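Here is the structure we will look at.
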Amino acid sequence: MSSQSSKQMALVAFMQAGSTSVYAGSWRHPAADLRFLEAGYYADLGRLLELGCFDLMFFDDRLAMPGIYGDSVAEAVRTGARPIKLDLSSVLGVLAGATSRIGLGATYSTTYYAPFHVARTFGTLDHLSRGRAAWNVVTSVNDSEAQNFGADIHLGPEERYDRADDFLQAVTGLWDSWEDDAFILDREGGVFADPSKVHELRYSGTHFNVRGPLTVPRTPQGRPVVMQAGSSGRGRDFAARWAELIFTGDPGLEVARAHYADQKKRIAELGRDPQSVKMCPMAYVVVGESEAQAQEREGVFLNDLVDPMASLTLLSELMNYDFSAHGLDDVVTDELIASTTGIRGLVQNLRSHIGGTVRIRDLAGHRATLLQGPRFVGTPKQVADQMEEWFTSDACDGFTLAATHFPGAFDDVVRMVVPELQRRGLFRKEYTGNTLRDHLGLTRPEPSKPSERGDDV
Ligand SMILES: Cc1cc2nc3c(=O)[nH]c(=O)nc-3n(C[C@H](O)[C@H](O)[C@H](O)COP(=O)(O)O)c2cc1C
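Going by the numbering used here, the first residue of the sequence shown is number 12, and it counts up by one from there.
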């Protein structure tokens with residue numbers, strides 16, 4: 012492996028504000044910290060990741076307990092398959108105070124929230140954190156979520172992306188509704204701000220009408236960073252238009268390379284610079300002082316802790332499809348995939364990675380053992396070799412590292428893997444900027460023009 016590279020890897024920590032990491036068995040790990048209802052738990056994790064110079068820590072979300080499997084939440088509660096999801100604006104508020112450099116991101120749904128609410132939440136966070144906010148845009152995944160917001164079923168994939176496009180138009184317009192130099196703060200003259208520089212948006216879209224202006228002035232980053240994780244064709248088009256950081260679930264190197272090339276092409280076709288959009292696939296790291304220790308950790312703590320019911324519960328949730336009617340040996344047919352409406356891209360990717368006949372057992376296994384992304388197992392050097400291989404072969408611009416358990420998985424990465432990446436010149440030794448845009452090398456966006464915002468002026 013080469014030892015120097017000028018291109019810098021982005022490292023993003025994939026966080027969950029609840030009882031488990033994305034890996035359903037994580038709460039059972041003997042070293043798992045179970046203080047997930049305490050502010051100090053999140054603050055400690057933030058400080059740890061900041062020591063490792065991570066670009067960003069961002070939290071996933073779901074607006075319902077997993078309740079698709081057997082039309083019940085019982086298995087989610089019994090097995091601990093992500094039954095707890097705390098409100099993320101409060102969690103990020105804690106982190107804005109506990110850290111000073113690391114980016115802070117949260118997942119907010121365009122299907123179940125309103126543009127004004129989201130623009131305000133992330134605008135506020137960008138101010139309070141002095142330019143470290145990121146919004147992970149999702150369209151949400153299943154009927155259980157719909158049923159918590161007054162609907163029976165989740166919107167279909169096309170309809171929810173139509174809504175999401177409209178939503179982003181409104182949110183970016185709101186973020187731009189104050190010009191950077193609108194404040195006057197003339198105490199003697201009694202002029203607070205220049206009314207000619209604070210614009211009513213009066214956005215009128217297909218799904219939303221928003222008057223504006225936002226009650227939060229233009230933020231340190233101009234706009235918070237926009238992240239996205241849709242991986243179906245429509246999801247990739249949406250990312251090409253709006254995203255600055257793309258989070259993917261690519262299970263193997265070849266799938267990731269193909270995804271990377273396809274996504275960057277879509278970005279270029281829209282006239283955007285493909286380099287200005289970072290792609291960071293999800294990956295899991297199991298590191299040990301020796302290879303044998305890493306393998307033992309993988310076997311004992313990772314492969315053995317997931318209850319099969321937790322796996323199927325989560326699979327049903329992700330695919331918005333009740334797998335309780337199937338046996339583990341049933342084949343995943345095209346018809347079955349066509350009748351799912353959740354994260355379609357994830358299954359398409361898994362099918363191409365596994366190849367041949369794919370059974371429910373294979374899908375559940377991947378979900379349980381975290382193989383929506385690669386698992387890098389070994390000594391710090393071996394793990395860094397694998398990361399470097401992905402990074403230098405057009406498969407990614409960095410990684411979104413998922414935790415096998417909190418905080419130990421990130422502790423291991425910060426203590427053992429980050430120094431090795433730094434030694435190779437692949438990753439920063441210290442923060443050189445203050446904002447998340449600085450860390451990711453993203454420019455501060457120019458405010459949109461009145462006609463682009465939808466102003467009626
Ligand atoms: C790797 C990955 C992670 C995702 N994380 C979330 C999440 O935390 N919450 C959520 O509501 N949707 C999540 N999604 C769903 C997508 O953001 C998107 O809303 C949904 O998958 C539909 O897009 P698709 O059909 O293009 O994949 C995720 C999708 C992927 C591929």
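Each residue gets a CB set at the ideal place from its N, CA and C atoms; glycine is no exception.
All values derive from a computational prediction rather than experimental measurement.
By DSSP, does residue i sit in helix, in strand, or in coil?
i: Val-33; result: coil
i: Ile-164; result: coil
i: Gly-452; result: coil
i: Leu-67; result: strand
i: Ile-371; result: helix
i: Lys-289; result: strand
i: Phe-133; result: helix
i: Tyr-123; result: coil
i: Leu-97; result: coil
i: Phe-25; result: strand
i: Thr-324; result: helix
i: Ser-17; result: coil
i: Ala-85; result: helix
i: Tyr-214; result: strand
i: Ala-43; result: coil
i: Ala-269; result: helix
i: Tyr-295; result: strand
i: Val-221; result: strand
i: Val-406; result: Looking at the sequence provided, one finds Ala at residue 406 rather than Val. In this structure, Ala-406 counts as coil in the three-state DSSP scheme.
i: Leu-447; result: helix
i: Asp-55; result: helix
i: Gln-239; result: strand
i: Gly-282; result: coil
i: Arg-9; result: An answer regarding residue 9 cannot be provided, because it is not within the stretch 12 to 468 covered by the chain.
i: Ala-92; result: coil
i: Phe-258; result: strand
i: Val-311; result: helix
i: Leu-115; result: strand
i: Ile-79; result: coil
i: Ser-459; result: coil
i: Ile-195; result: strand
i: Thr-183; result: helix
i: Phe-421; result: helix
i: Leu-48; result: coil
i: Gly-493; result: For residue 493 there is no data in the structure shown, the boundaries of the chain being 12 and 468.
i: Leu-412; result: strand
i: Arg-435; result: coil
i: Arg-362; result: helix
i: Arg-386; result: strand
i: Val-317; result: coil
i: Val-343; result: coil
i: Val-152; result: coil
Using a Cβ-Cβ cutoff of less than 7 Å, which residues in the same chain neighbour residue i once the five nearest sequence positions on both sides are dropped?
i: Asn-220; result: Tyr-214
i: Pro-168; result: Ser-243, Arg-245, Thr-352, Arg-355
i: Ala-157; result: Asp-163, Ile-164, His-165
i: Thr-446; result: Gly-142, Arg-143, Pro-231, Gln-232
i: Leu-453; result: Val-236, Glu-255, Ser-287
i: Arg-439; result: Gln-19, Cys-64
i: Asn-159; result: Leu-74, Ala-75
i: Arg-277; result: Arg-247, Asp-248, Ala-251
i: Pro-456; result: Gly-233, Arg-234
Assuming residue i and residue j are in contact, meaning their beta carbons sit under 8 Å apart, how far apart are those beta carbons, in whole angstroms?
i: Leu-325; j: Phe-334; result: With a Cβ gap of about 10 Å, Leu-325 and Phe-334 do not count as contacting.
i: Leu-115; j: Leu-97; result: With a Cβ gap of about 15 Å, Leu-115 and Leu-97 do not count as contacting.
i: Pro-285; j: His-138; result: Not a contact, Cβ separation roughly 30 Å.
i: Ala-473; j: Ala-349; result: Because the chain is modelled from 12 through 468, residue 473 falls outside the range shown and cannot be assessed.
i: Glu-309; j: Val-297; result: 5 Å
i: Ala-130; j: Leu-225; result: 6 Å
i: Phe-410; j: Gln-397; result: Not really, about 10 Å apart at Cβ, beyond 8 Å.
i: Ala-43; j: His-337; result: Not quite, the Cβ-Cβ distance comes to about 31 Å (not below 8 Å), so this is no contact.
Whose C-beta lies closer than 8 Å to the C-beta of residue i among residues of the same chain, with five residues either side of it excluded?
i: Thr-351; result: Met-330, Asn-331, Tyr-332, Val-358
i: Leu-264; result: Pro-385, Glu-400, Trp-401, Ser-404, Ala-406
i: Ala-125; result: Phe-219
i: Ile-257; result: Met-238, Gln-239, Ala-240, Ala-250, Gln-274, Val-288, Lys-289, Met-290, Cys-291
i: Arg-171; result: Thr-121, Thr-122, Thr-150, Ser-151, His-165
Closer than 6 Å by C-beta to residue i: which residues in its own chain qualify, once you throw out the five before and the five after it? Chain order, please.
i: Thr-110; result: Gly-57, Glu-61
i: Val-84; result: Met-76, Gly-78
i: Asp-340; result: Arg-370
i: Met-427; result: Val-298, Pro-391
Measuring only from the beta carbon, is residue i closer than 7 Å to any heavy atom that is part of ligand 3?
i: Arg-245; result: No copy of ligand 3 appears in this structure; the ligands present are ligand 1.
Exercise. For the 8 Å Cβ check, are there 3 or more pairs between the stretch 147-167 and the stretch 88-106?
Worked result: no
For this session: Would you check if there are 3 or more beta carbon pairs closer than 8 Å linking the stretch 419-434 to the stretch 116-123?
Result: no
For this session: Report yes or no: do three or more beta-carbon pairs, one from the stretch 33-53 and one from the stretch 303-319, lie closer than 8 Å?
Result: yes
Exercise. Counting Cβ pairs, one atom from each stretch, are 3 or more of them under 8 Å apart for the stretch 244-260 and the stretch 341-351?
Worked result: no
Problem set entry | Any 3 or more C-beta pairs closer than 8 Å across the stretch 190-206 and the stretch 361-375 | no
Exercise. Is it a yes or a no for the stretch 62-69 touching the stretch 15-33, going by three-plus beta-carbon pairs under 8 Å?
Worked result: yes
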